[in-house]
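Numbering (our numbering), first residue to last: 392 to 777. The C-beta atom is built at its ideal place from N, Cα and C for all residues, glycine as well. In what follows, a single structure is set out as structure tokens and then discussed.
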Amino acid sequence: MSLPEDVAERPSHSRGRLHPQPESGPRGPRDIFQRDRDRIIHSVAFRRLRHKTQVFVAPDGDHYRVRLTHSIEVAQIARTIARALALNEDLTEALSLAHDLGHPPFGHGGEHALDAALADAGGFDHNAHTVRIVTRLETPYPDLDGLNLSWEALEGLAKHNGPVGQPSWAMAEANGEWDLELDSWPGMEAQVAAISDDIAYDNHDVDDGLRSGILELDELLELPLVARLWRAIAERHPGISAEKRQRALVRDMIGAMVEDVLAETRRRVGEAGVTSVEEVRGAGHTLAGFSESFANEERELKRLLYARLYESPELEAVRREAERVVANLAAAYRHDLKLLPEPWRGAASELEQLRTIGDFVAGMTDRFASARHEELVGPVNLPDRF
């Protein structure tokens, strides 16, 4: 069952772009949201996600997810949900592909270190930096900065996790240029991208955690959700190998989560009685999400992942070294601006220069950050295994 027709964003009803551009002509028949998606895919920041950490350090282990593969998986899940609900698939895909553009090297450890290093310049937040990238730092056009995305894409990136009550300096700067209505909820497409992010990383972190040997299957099977699906796989495929059963488990968990989100989102929209995009933004709560019972099970899964994977001694050692690398690089550039490439020097004020250092470091891939640290500071001691 689809949602009411007018809760979906329509290209013809878009608020347009900050810098108007023709949406037809020699470049083909793509609408505004299709162009948003394609601008993101062709951006430098999107390509750099190939070598940025998701959980395991990006250059190590060919089979582990990185930010790029994670973003593609989020887009696949989100587009499936959007199609089932008759939402705008292209806008949903664009938001999913772009939602992690602002992550610095080495994942959340790198973000923590960069935030601390720039505390006197307003800190660092990866979501706000995503908006900064697409409005300012990407420069594919000769006459303007940024990707010049639609208002709906920028709004969705800014607040896909909900209203932004206390915007960081970067978010406030972007909002000052074009009001993104940060105090309201986002459209359905952004909400679908957000819950799809949860579904994707829950499941690929289970997969990668088991593959690494850090996460034990027996621990997962203590969770009712996992045990239920594990038993069902054995009933459908008696005698299947443990490896194939494990792969089937991840697929079935994604499927179960998607089905629950579809049913619950339809229920919430119907109960709220929303029939337009404006009513979605004014609903006062998220409309796309898990049912209460499934949300409880998903939280149990997250708690286990934090306790046994994200905060494991093996990954903690990686995180500490990653934080050291990012902190040292920020300190080195602050101490001597001549270490920065020429285009990154000479900001109009000391504050802007500090934030420019943050832009430069945040744009680094794991491998580039490691190489610059080796060159400017000293050896990087990331464990060989991860």
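With C-beta atoms as the reference, is residue i less than 9 Å away from residue j?
i, j, result
"residue 435", "residue 529", "yes"
"residue 602", "residue 455", "yes"
"residue 522", "residue 485", "no"
"residue 780", "residue 465", "Past the edges of the chain, shown from 392 to 777, lies residue 780, and the structure says nothing about it."
"residue 580", "residue 489", "no"
"residue 666", "residue 583", "no"
"residue 541", "residue 406", "yes"
"residue 569", "residue 538", "no"
"residue 396", "residue 424", "no"
"residue 656", "residue 394", "yes"
"residue 756", "residue 410", "no"
"residue 509", "residue 610", "no"
"residue 759", "residue 732", "no"
"residue 672", "residue 572", "yes"
"residue 766", "residue 503", "no"
"residue 576", "residue 664", "no"
"residue 631", "residue 623", "no"
"residue 723", "residue 730", "yes"
"residue 524", "residue 493", "yes"
"residue 742", "residue 725", "no"
"residue 563", "residue 527", "no"
"residue 552", "residue 585", "yes"
"residue 762", "residue 495", "no"
"residue 460", "residue 595", "yes"
"residue 637", "residue 593", "no"
"residue 589", "residue 487", "no"
"residue 535", "residue 491", "no"
"residue 531", "residue 430", "yes"
Mind reading off the beta-carbon distance from residue i to residue j? Whole number of angstroms is fine, and I expect it under 8 Å.
i, j, result
"residue 445", "residue 428", "Contact doesn't hold; Cβ gap of about 21 Å is too wide."
"residue 448", "residue 497", "7 Å"
"residue 560", "residue 500", "Actually they are not in contact, since the Cβ atoms of residue 560 and residue 500 sit about 22 Å apart, beyond 8 Å."
"residue 700", "residue 605", "6 Å"
"residue 547", "residue 567", "Incorrect: roughly 19 Å between the Cβ atoms, too far for contact."
"residue 707", "residue 773", "So it is not a contact: roughly 13 Å between Cβ atoms."
"residue 660", "residue 398", "7 Å"
In this structure, how does DSSP classify residue i when only helix, strand and coil are distinguished?
i, result
"residue 340", "Outside the modelled stretch of the chain, which goes from 392 to 777, sits residue 340, for which no answer is possible."
"residue 401", "coil"
"residue 677", "coil"
"residue 747", "helix"
"residue 448", "coil"
"residue 768", "coil"
"residue 392", "coil"
"residue 523", "helix"
"residue 665", "coil"
"residue 426", "helix"
"residue 411", "coil"
"residue 759", "helix"
Minimum length 4: unbroken alpha helix (DSSP H) runs contained in the stretch 542-587: The stretch 542-587 contains these whole alpha helix (DSSP H) runs: 542-550 and 560-568.
Pairing CB atoms from the stretch 708-727 with CB atoms from the stretch 688-699, are three or more of them under 8 Å? No, because fewer than three Cβ pairs between the stretch 708-727 and the stretch 688-699 fall closer than 8 Å, the two stretches do not touch.
Below 8 Å, can you find three or more Cβ-Cβ pairs linking the stretch 643-651 to the stretch 544-559? Counting Cβ pairs under 8 Å, fewer than three are found: no touch.
Just list the beta strand (DSSP E) runs in the stretch 466-519, keeping only unbroken ones of 3 residues or longer that don't cross its boundaries, in chain order. Taking only runs of at least 3 residues, no beta strand (DSSP E) segment lies wholly in the stretch 466-519.
Sufficient close CB pairs (3 or more, under 8 Å) joining the stretch 469-479 to the stretch 605-617: A contact between stretches requires three or more CB pairs, one per stretch, nearer than 8 Å, and the stretch 469-479 fails this requirement with the stretch 605-617.
Would you check if the stretch 677-686 and the stretch 635-643 touch, i.e. whether three or more CB-CB distances between them fall below 8 Å? For the pair of segments examined, the stretch 635-643 was found not to touch the stretch 677-686: the number of CB pairs separated by less than 8 Å stays below three.
What are the complete alpha helix (DSSP H) segments, minimum 4 residues, inside the stretch 689-753? As for any alpha helix (DSSP H) of minimum length 4 sitting wholly inside the stretch 689-753, the runs are 704-726 and 741-753, ordered along the chain.
For the stretch 608-640, list the alpha helix (DSSP H) runs that are entirely contained and at least 4 residues long, ordered along the chain. Runs found: 608-611 and 615-627.
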